[in-house]
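First comes the structure, then the notes that go with it.
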């Protein structure tokens with residue numbers, strides 16, 4: 208494809224002037240004189256045979272032709288700037304977009320990211336958190352780390368590790384819990400998965416009470432509520448090691464139930480990039496010891 212000569216200086220002058228609606232402010236941004244900006248815009252108008260601005264006593268106003276030209280230029284210059292920003296030390300920084308369920312992000316992934324960045328300094332990792340509901344295609348993600356059974360439509364999934372659930376509560380409540388039956392008198396905090404508490408009580412060998420506590424959309428917010436004394440959480444201790452070590456919460460019983468695993472997922476239609484392959488290899492290696500621990504639980 209042979210492109211016509213592009214008057215880049217004139218296009219830059221027009222785009223800056225259109226953003227500021229001022230030749231003076233555009234000149235300051237471009238580090239040239241106001242006269243130079245005005246001349247470049249005038250030459251572009253002559254080339255196009257169209258008036259792009261209405262010159263007003265106190266600034267500029269875009270004509271319909273200027274309104275039509277501005278979006279294409281703004282998008283093009285933004286894309287060029289974005290690519291140039293990826294260069295660092297003679298290398299291109301490759302962007303990698305990863306969506307992560309919030310509990311996993313805070314409880315496991317974030318503290319390990321410095322090691323990933325040291326190993327892959329030219330990957331521009333961008334994380335977004337969610338409550339396990341994510342649309343990889345619509346959100347423009349390369350990967351999503353989710354909790355579940357590994358079966359998602361049009362998606363490949365590689366298992367990281369299980370996250371067995373157990374009782375977590377503040378020390379004051381833990382002192383009252385000599386045996387699982389003592390939970391019958393406590394407020395039991397719930398997730399949107401209604402079978403978790405019944406499964407835990409079945410593993411404990413006793414009947415489950417009617418659970419009427421508040422419902423949370425993530426283990427992270429549920430445990431935060433438990434730390435504030437709102438009740439007893441059923442959550443994965445592996446994701447709350449810092450809080451357990453600090454004594455903010457305790458795990459009164461060594462009774463676990465497993466309702467799913469954390470998975471690295473991506474679209475079947477996605478062609479893996481070098482950044483995707485690097486992140487996949489890194490997170491599988493980093494999660495391997497926890498996979499063994501989770502299985503043992």
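In my numbering, the protein residues as written are 208 to 504.
Backbone N, C-alpha and C fix where the C-beta goes; we use that ideal spot for every residue, glycine too.
Handout entry: Of the residues 330, 460 and 302, the one placed nearest residue 388, counting alpha carbons only
Key = 460
Handout entry: Contact between the region 347 to 355 and the region 302 to 318 (3+ Cβ pairs under 8 angstroms)
Key = yes
Exercise for the section: Determine the extent of the alpha helix (DSSP H) in which residue 400 is found, giving its start and end residues. Expected result: Residue 400 -> no alpha helix (DSSP H), and no H or E assigned at all.
Exercise for the section: Using a threshold of 8 angstroms, state whether the C-beta atoms of residue 302 and residue 331 are closer than that. Expected result: yes
Problem - Member of 441, 342, 316 and 290 whose CA lies at the smallest distance from the CA of residue 377 - result: 441
Exercise for the section: Helix, strand or coil for residue 341, going by three-state DSSP, please let me know. Expected result: coil
Handout entry: Sufficient close CB pairs (3 or more, under 8 angstroms) joining the region 488 to 497 to the region 357 to 377
Key = yes
Problem - Any beta strand (DSSP E) of 3 or more consecutive residues that is wholly inside the region 437 to 480 - result: 440 to 442 and 468 to 474
Exercise for the section: Verify whether the separation of the beta carbon atoms of residue 425 and residue 446 is less than 8 angstroms. Expected result: no
Practice task
Please classify residue 364: does DSSP put it in a helix, a strand, or coil?
Solution key: strand
Exercise for the section: Determine the burial state of residue 476: buried for a count of at least 16 other Cβ atoms within 10 Å of its Cβ, exposed for fewer. Expected result: exposed
Exercise for the section: For residue 333, write down the residues that DSSP places opposite it in a beta bridge. Expected result: 304
Handout entry: Cα-Cα separation between residue 418 and residue 439, rounded to whole angstroms
Key = 11 angstroms
Handout entry: Contacts around residue 248, its chain only, beta-carbon distance under 8 angstroms, and the 5 residues preceding and following it disregarded
Key = 217, 220, 221, 224, 230, 259 and 260
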